[in-house]
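Novice: Counting with mature numbering (1 follows the signal peptide of the UniProt record, and there is no 0), you get residues -25 to -1, 1 to 321 for the letters of the sequence shown.
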Amino acid sequence: MNRRALLPTLALASALSLSLSGCLAGENASDTAPAAADGGTQGGTLNIDFATYNPLSLIIKEQGWLEEELADQDITVTWVQSAGSNKANEALRAGAIDVGSTAGSAALLARSNGSPIKAIDIYSQPEWSALVTLPDSGITSVEDLRGKSIAATRGTDPYFFLLQALEAAGVDQSEVTIENLQHADGRAALASGAVDAWAGLDPIMAAAEQDGAQLFFRDIDFNSYGFLNATEDFLAEKPDVAQTVVNAYEKAREWARENPEETAAILAEVAAIDPAVANSVIIERTNLDVDPAPGDAQRAVLEKIGPVFVETGDVQSQEQIDEALGSLLDPSLVEKADPASIGAGS
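Listed below in structure tokens is the structure:
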């Protein structure tokens, strides 16, 4: 489908995204969420995101652990929903949030382009990205995408998943049309026929699959890890608060391991999806039993993805990639993490 055919249907796709996803309980909330008046690192405020692609964030928010732990310090916790890694990166760079959830690939992209962030925790190793189409599209392989249009959210893991898939299949980017749509809008565009395929992200992708969409290309090695990132200003000015955040994340990891069905139920409620879909995302496609300290495993994945950024022009030079890789990963807070301290005084 060409761009001219896409334009008249974008309004339909946008409207359909509301009916199909129920706005995913505020999927695009971060588009309009205001920055805190104090800039996020002053005046007793912790601005932190939650995201349907980060189940640990949902647990922490639902349990109220940060509010409880930081009350004695007169720190107010403000939660902002991130619709995707790109939105979390925008909010981090603007100072609207202190801590945000992204894919590892998106964190590397942001750091390579000058965003002053550090990865302070690995919240998951997911298979959250795949290429999706409709049953009657005739698309069964990446090679079939030649001459087709694909929705993808630029700056997120599904976008980089798509680029890697095209490269591996020998399909040049000039042979396809990539439409830059936010995740929920990409699903809606696929459902309406505005695009031929979609680089999907769970849990929206799992919901689309339940509705009949088909995952025609999967490769877990093309998915990067889930990164919890913090601004350098926040880490320098409020190290104790940053440690409390990581402590809460490790508490949430323990809780999720012990309560997978309850974790799925929280996801289902926040994302406004069927509990069966949420179970599939949490139990089948999300590995929470991963070393949370950012380190060699993540560096190895990002070293493969980094050159793609240079080839596509998203980053100007490999030198920028190398410098970012040398400064992005910070395991120090995980190494000192004490999940037992969370809730100990209640």
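Just so it is clear, CB atoms sit at the ideal spot from N, CA and C, and this is done for glycine as well.
Going by alpha carbons, who is nearest to residue 263 out of 200, 144, 188, 153?
Specialist: As a first step, residue 263 is located in the sequence shown; it is residue number 288 there, counting from the start. Taking only the C-alpha atoms, the option nearest residue 263 is 200.
Novice: Residue 53 lies in the alpha helix (DSSP H); which residues open and close that run?
Specialist: Taking the first residue of the sequence shown as position 1, residue 53 is located at position 78. For residue 53, there is no enclosing alpha helix (DSSP H); the enclosing beta strand (DSSP E) covers residues 51 to 56.
Novice: How is residue 250 classed by DSSP in three states: helix, strand or coil?
Specialist: Counting from one through the sequence shown, the residue named residue 250 turns up at place 275. Three-state DSSP puts residue 250 in a helix.
Novice: Rounded to the nearest angstrom, how far is the Cβ of residue 157 from that of residue 107, given a contact under 8 Å?
Specialist: The count along the sequence shown starts at 1 and reaches residue 157 at position 182. The count along the sequence shown starts at 1 and reaches residue 107 at position 132. The Cβ separation is near 15 Å, so there is no contact.
Novice: Report the rounded CA-to-CA distance for residue 110 versus residue 80, giving the unit in angstroms.
Specialist: Counting from one through the sequence shown, the residue named residue 110 turns up at place 135. Counting from one through the sequence shown, the residue named residue 80 turns up at place 105. Each residue's alpha carbon lies about 30 Å from the other.
Novice: Would you tell me roughly how many angstroms separate the C-alpha atoms of residue 162 and residue 237, rounded to the nearest one?
Specialist: Indexing the sequence shown from 1 puts residue 162 at position 187. Indexing the sequence shown from 1 puts residue 237 at position 262. Each residue's Cα considered, the two are about 26 Å apart.
Novice: Using 8 Å for Cβ pairs, my map puts residue 151 next to residue 121. What's the rounded Cβ distance?
Specialist: Translated into the one-based positions of the sequence shown, residue 151 becomes position 176. Translated into the one-based positions of the sequence shown, residue 121 becomes position 146. With a Cβ gap of about 7 Å, residue 151 and residue 121 count as contacting.
Novice: I'd like to know if the segment 287 to 295 and the segment 87 to 97 are in contact, where contact means that at least 3 CB-CB pairs between them fall below 8 Å.
Specialist: yes
Novice: Are residue 283 and residue 139 touching if we call contact CB-CB under 8 Å?
Specialist: Residue mapping note: residue 283 aligns to position 308 of the sequence shown, counting from 1. Residue mapping note: residue 139 aligns to position 164 of the sequence shown, counting from 1. Taking 8 Å as the Cβ cut-off, residue 283 and residue 139 qualify as a contacting pair.
Novice: Is residue 238 helix, strand or coil when you go by DSSP?
Specialist: Translated into the one-based positions of the sequence shown, residue 238 becomes position 263. Residue 238: helix per DSSP, three-state reduction.
Novice: Let me know the secondary structure DSSP gives residue 323 once reduced to three states.
Specialist: What the structure shows of the chain is the stretch from -25 to 321, and residue 323 is not part of that stretch, so it cannot be assessed.
Novice: Kindly indicate the opening and closing residues of the alpha helix (DSSP H) around residue 231.
Specialist: Taking the first residue of the sequence shown as 1, we reach residue 231 at position 256. It spans 214 to 233 - the alpha helix (DSSP H) in which residue 231 sits, taken as one unbroken run.
Novice: Comparing C-alpha positions only, which one of 168, 29, 83 sits nearest to residue 123?
Specialist: In the sequence shown, the residue the question calls residue 123 occupies position 148. Of the candidates 168, 29, 83, the one whose C-alpha sits nearest the C-alpha of residue 123 is 168.
Novice: Pick from 304, 250, 133, 249: whose alpha carbon is nearest that of residue 271?
Specialist: Start at 1 with the first residue of the sequence shown, and residue 271 comes out as number 296. Ranking 304, 250, 133, 249 by Cα distance to residue 271 puts 304 first.
Novice: Looking at the C-beta of residue 145, does it have a partner C-beta in chain B at a distance below 8 Å?
Specialist: Absence of chain B from the displayed structure is noted, only one protein chain being present.
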